Amino acid sequence: MRMTATHTAQRSTAKQGWASGTMVFAAVMLMLAGVLDIFRGIMAIAEDDVFVTTRNYVFQFDLTSWGWIHLVLGAIGVLVSLGLFRAATWARVAGVAIAGLVIIENFLDLPYYPVWSVVMIAFSGFVIWALCVVRRDDSFAPF
Numbered sequence: 621m622r623m624t625a626t627h628t629a630q631r632s633t634a635k636q637g638w639a640s641g642t643m644v645f646a647a648v649m650l651m652l653a654g655v656l657d658i659f660r661g662i663m664a665i666a667e668d669d670v671f672v673t674t675r676n677y678v679f680q681f682d683l684t685s686w687g688w689i690h691l692v693l694g695a696i697g698v699l700v701s702l703g704l705f706r707a708a709t710w711a712r713v714a715g716v717a718i719a720g721l722v723i724i725e726n727f728l729d730l731p732y733y734p735v736w737s738v739v740m741i742a743f744s745g746f747v748i749w750a751l752c753v754v755r756r757d758d759s760f761a762p763f
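Heads up: the sequence shown runs through residues 621 to 763, numbered per our numbering.
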């Protein structure tokens, strides 16, 4: 009987460790995506020569407009990632929402900088996966 209790405790600890690692992974990925989005926004606002301009694009915005969109979503992403480091429930919900918006933003931004957009879509997809795969009762504050 005692052996079963120890085995259950080890399984619970391993499950919590996995959940904690997944949450930290999501927080780091969202912070990285947010910082990269902030830099991308600054480049677009400054009208850097890195971006390719295209004509006849359905979702065509001014490059400065795209820059502000990237800057704001990146800053919100960094703030939400700080909440994820504290394992706040609101941060999990907001993280999924922000990562979804970043995916949409980068999908619409594909003609301007396709490789970077695909990288940001992948980062955001990993964030959504990591935030949705952990059950609420398994997670705890990693720090």
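Beta carbons are placed, not taken as given, at the ideal position from N, Cα and C, and that holds for glycine.
None of the values given here were measured: they were computed from a predicted structure.
Straight-line CA distance for residue i to residue j?
i: A770; j: E667; result: What is shown of the chain runs 621 to 763, which leaves residue 770 out entirely.
i: G654; j: M643; result: 16 Å
i: S701; j: V753; result: 17 Å
i: L691; j: I748; result: 20 Å
i: A719; j: N726; result: 10 Å
i: M663; j: G687; result: 7 Å
i: L751; j: A708; result: 12 Å
i: A714; j: L699; result: 10 Å
i: A695; j: I741; result: 17 Å
i: V716; j: Y733; result: 24 Å
i: L652; j: W736; result: 13 Å
i: R706; j: F743; result: 21 Å
i: I658; j: I665; result: 10 Å
i: I689; j: G641; result: 30 Å
i: M621; j: A711; result: Low confidence applies here, because M621 scores a pLDDT of 49, under 50, leaving its location unreliable and the question unanswered by this model.
Hey, residue i and residue j are a contact pair by Cβ (cut 8 Å); roughly how many whole angstroms apart?
i: L650; j: G697; result: 5 Å
i: L721; j: L693; result: 6 Å
i: I723; j: G745; result: 7 Å
Please classify residue i: does DSSP put it in a helix, a strand, or coil?
i: V754; result: coil
i: P731; result: coil
i: E725; result: helix
i: A708; result: coil
i: D657; result: helix
i: A742; result: helix
i: A646; result: helix
i: A666; result: coil
Thinking just about the alpha-carbon of each residue, which of the options is nearest to the one in residue i?
i: S685; options: R706, R660, T709; result: R660
i: P731; options: L683, G715, A695, L699; result: L683
i: V738; options: S640, G641, L656; result: L656
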